[in-house]
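Asker:
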Amino acid sequence: MIKKRLKYQSIFMIVGILFVLPVLVIATVVKNNLKEENISEPDYVFDEVVESSLPVVNTTTRIIKPYLDNSVTVGKSFYDYQAEKDSQINSIIKHDNIYLQNTGIDYVSDNTFEVVSILDGTVTKVEEDDATGKYIEIKHENGYTSIYKSLSEITVKQGDNVSQGQVLGKSGTTEIDKDLGNHLHFEMYENGGAVNPENYLNKEISLKKEN
33 MIKKRLKYQS
43 IFMIVGILFV
53 LPVLVIATVV
63 KNNLKEENIS
73 EPDYVFDEVV
83 ESSLPVVNTT
93 TRIIKPYLDN
103 SVTVGKSFYD
113 YQAEKDSQIN
123 SIIKHDNIYL
133 QNTGIDYVSD
143 NTFEVVSILD
153 GTVTKVEEDD
163 ATGKYIEIKH
173 ENGYTSIYKS
183 LSEITVKQGD
193 NVSQGQVLGK
203 SGTTEIDKDL
213 GNHLHFEMYE
223 NGGAVNPENY
233 LNKEISLKKE
243 N
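Take the sequence shown: its letter number 177 is residue 209 in our numbering, and every next letter is one higher.
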């Protein structure tokens, strides 16, 4: 009788083990899956990846003068509507008995001097006019345009990308304003409107480039 009871107990134990074992295995697998699904990287790892992928962009630059020769001086200034009367008179251009308001600055020197680009940009025009001689137009970032007239030589062509300080040509003489002699007539525009270059040259400006 005792043997028979032990036999039944053994059978019950085996059946119990066979029933409990799969349940334990399933529970372990589910627990591990839940752990894997909840695994996340620390926040600082993501932040480092994002920060390292951001491009470094210079947001400001300093506009340089359109020449490097220290002997160059201003021969005729930009016509300023708010300037004193004497200053306005000295900013008038006379040509064939016609008086014009100077939309730029005329830089003069006894000797021919090299003309350079005030900023990085793209040459959009290279032409020659009977009155103002050879001239160059350059488009820059943020709506700026620079124009270099009265040139005797030009070393760039339309479509060229130029760097700040790159030589564009040399100063010369023209029919208009003969009394200036050797000079550079320089104009600057912002969003299509003529501005006084003196308010921009040697000053730092913002260049908000799109990434």
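Yeah, the Cβ is synthetic: ideal placement off N, Cα and C, and Gly gets one too.
CA-CA distance, residue 148 and residue 222?
Answerer: Walking along the sequence shown from the start, residue 148 turns up at place 116. Walking along the sequence shown from the start, residue 222 turns up at place 190. Distance between the alpha carbons of residue 148 and residue 222 is about 19 angstroms.
Asker: For the segment 88-135, list the alpha helix (DSSP H) runs that are entirely contained and at least 4 residues long, ordered along the chain.
Answerer: Complete alpha helix (DSSP H) runs here, min 4: 117-121.
Asker: Under 8 angstroms between the Cβ atoms of residue 96 and residue 197?
Answerer: Here residue 96 refers to the residue found at position 64 of the sequence shown. Here residue 197 refers to the residue found at position 165 of the sequence shown. Yes, the pair counts as a contact, with Cβ atoms nearer than the cut-off.
Asker: DSSP has residue 211 in a bridge; who is on the other side?
Answerer: Locating residue 211 in the sequence shown gives position 179, where the first residue counts as 1. According to DSSP, residue 211 bridges with nothing at all.
Asker: Taking the CB atoms as reference points, tell me whether residue 156 and residue 171 lie closer together than 8 angstroms.
Answerer: Residue mapping note: residue 156 aligns to position 124 of the sequence shown, counting from 1. Residue mapping note: residue 171 aligns to position 139 of the sequence shown, counting from 1. Yes, the pair counts as a contact, with Cβ atoms nearer than the cut-off.
Asker: For residue 226, write down the residues that DSSP places opposite it in a beta bridge.
Answerer: Taking the first residue of the sequence shown as position 1, residue 226 is located at position 194. Answer is 221.
Asker: In the structure shown, what three-state DSSP assignment does residue 174 receive?
Answerer: Looking up residue 174 in the sequence shown gives position 142. Three-state DSSP puts residue 174 in a helix.
Asker: The beta strand (DSSP E) with residue 201 in it runs from where to where?
Answerer: Within the sequence shown, numbered from 1, the residue matching residue 201 stands at position 169. 199-203 is the span of the beta strand (DSSP E), which, as asked, contains residue 201.
Asker: Using 8 angstroms as the threshold, is the segment 106-120 in touch with the segment 157-164, meaning 3 or more CB pairs across them?
Answerer: Judged by Cβ distances under 8 angstroms, the segment 106-120 makes no contact with the segment 157-164, as fewer than three pairs qualify.
Asker: In whole angstroms, give me the CA-to-CA distance for residue 123 and residue 224.
Answerer: Numbered from its first residue, the sequence shown carries residue 123 at position 91. Numbered from its first residue, the sequence shown carries residue 224 at position 192. So the two alpha carbons sit approximately 21 angstroms from each other.
Asker: Are residue 233 and residue 182 close, meaning C-beta to C-beta below 8 angstroms?
Answerer: Indexing the sequence shown from 1 puts residue 233 at position 201. Indexing the sequence shown from 1 puts residue 182 at position 150. Not a contact, by the Cβ cut-off of 8 angstroms.
Asker: Between which two residues does the beta strand (DSSP E) holding residue 139 run?
Answerer: Residue mapping note: residue 139 aligns to position 107 of the sequence shown, counting from 1. Where residue 139 is concerned, the enclosing beta strand (DSSP E) stretches over 137-140.
Asker: For residue 168, does the count of other Cβ atoms within 10 angstroms reach 16, so buried, or fall short, so exposed?
Answerer: Your numbering for residue 168 matches position 136 in the sequence shown. Looking at its Cβ environment, which holds 16 or more other Cβ atoms inside 10 Å, residue 168 is buried.
Asker: Sort 159, 153, 226, 237 by Cα distance to residue 199 and report the nearest one.
Answerer: On the sequence shown, residue 199 is found 167 positions in, with the first residue counted as 1. Cα-wise, what sits closest to residue 199 is 153.
Asker: Measuring alpha carbon to alpha carbon, tell me which of 220, 185, 191, 193 ends up nearest residue 205.
Answerer: The sequence position of residue 205 within the sequence shown is 173, counting from 1. That would be 185, whose Cα lies nearest to the Cα of residue 205.
Asker: Roughly how many angstroms lie between the CA atoms of residue 193 and residue 92, to the nearest whole one?
Answerer: Stepping through the sequence shown from its first residue, residue 193 is reached at position 161. Stepping through the sequence shown from its first residue, residue 92 is reached at position 60. Rounded to the nearest angstrom, the two C-alpha atoms are 20 angstroms apart.
Asker: If you follow the beta strand (DSSP E) that residue 156 is part of, which residue opens it and which one closes it?
Answerer: As a first step, residue 156 is located in the sequence shown; it is residue number 124 there, counting from the start. Run containing residue 156: 153-161, per the beta strand (DSSP E) assignment.
Asker: Can you tell me whether residue 234 is helix, strand or coil according to DSSP?
Answerer: Taking the sequence shown and counting its residues from 1, the one referred to as residue 234 is at position 202. Reduced to three states, the DSSP call for residue 234 is coil.
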